Amino acid sequence: MVFNMSTIALLPRLIRLKDVPKYIGMDRNRFNTFVRPNLIEIPIGKQGVAFDRLDLDAWVDQYKQCSGRPGGKEQRSTKPWDVNKQQDYLKEAKFGISKSKSLDIAFEKALAQSRSRKRSNT
Numbered sequence: 148m149v150f151n152m153s154t155i156a157l158l159p160r161l162i163r164l165k166d167v168p169k170y171i172g173m174d175r176n177r178f179n180t181f182v183r184p185n186l187i188e189i190p191i192g193k194q195g196v197a198f199d200r201l202d203l204d205a206w207v208d209q210y211k212q213c214s215g216r217p218g219g220k221e222q223r224s225t226k227p228w229d230v231n232k233q234q235d236y237l238k239e240a241k242f243g244i245s246k247s248k249s250l251d252i253a254f255e256k257a258l259a260q261s262r263s264r265k266r267s268n269t
């Protein structure tokens, strides 16, 4: 077996801080809050920080075991969505106070109050 090194894609063992959230598939703030405190930081150079890829993979595996859910047994339907079956707006009107009218009245009252006040020059 002959391996051509130019065709083999190697994953680095250490992944820099700026690339870790992309590797895990989450945003940087969430990584800093939930993942970073559980990992060992490896200094690179004067200011660089990296994380071991194997530690990241282990964290993802552990997270998957604790928080993962099995996929649905049923496939999603490919049938078109029936608006008549899904919408409530086709039901008969119910009795009660319309919120929109009461909100309109409250808005008109607040508008009248704001217009009647004199503006201060401060």
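To convert a position in the sequence shown, counted from 1, into the numbering used here, add 147.
Glycine residues also receive a C-beta, built at the ideal position from the N, C-alpha and C atoms.
All values reported here derive from a predicted model rather than from experimental measurement.
According to DSSP, is I155 helix, strand or coil?
By 1-based counting over the sequence shown, the position of residue 155 is 8. DSSP places I155 in the coil class of the three-state scheme, outside both helix and strand.
Closest by C-alpha distance to L164, when choosing among E255, K211, I189 and K193
Along the sequence shown, one-based indexing puts residue 164 at 17. Selected option, being the one with the closest Cα: I189.
Using the Cβ count rule (16 or more neighbours within 10 Å means buried), how would you classify A253?
Counting from 1 along the sequence shown, the entry for residue 253 is found at position 106. The residue is exposed, with fewer than 16 neighbouring Cβ atoms inside 10 Å.
If you draw a straight line from the alpha carbon of F181 to that of K226, how long is it in whole angstroms?
Position 34 of the sequence shown, counting from 1, holds the residue named residue 181. Position 79 of the sequence shown, counting from 1, holds the residue named residue 226. Rounded to the nearest angstrom, the two C-alpha atoms are 39 Å apart.
Using the three-state DSSP reduction, which class does L164 fall into: helix, strand or coil?
On the sequence shown, position 17 is the one that residue 164 refers to. In the structure shown, L164 sits in coil (DSSP, three-state: anything other than H, G, I, E or B).
Per DSSP, V196 forms a beta bridge with which residues?
As a position in the sequence shown, residue 196 is number 49, starting the count at 1. Bridge partners of V196: P190.
Answer with buried or exposed for A197, where buried requires no fewer than 16 other C-beta atoms within 10 angstroms of its C-beta.
Start at 1 with the first residue of the sequence shown, and residue 197 comes out as number 50. Buried is the call here.
Between the CA atoms of I155 and G215 - distance to the nearest angstrom
As a first step, residue 215 is located in the sequence shown; it is residue number 68 there, counting from the start. As a first step, residue 155 is located in the sequence shown; it is residue number 8 there, counting from the start. Cα-Cα distance, rounded: 32 Å.
So, at 8 Å on beta carbons, what are the nonlocal neighbours of Y170 in its own chain, with the 5 sequence-adjacent residues on each side left out?
Here residue 170 corresponds to residue number 23 of the sequence shown, with the count starting at 1. I162, R200 and L203, listed in sequence order.
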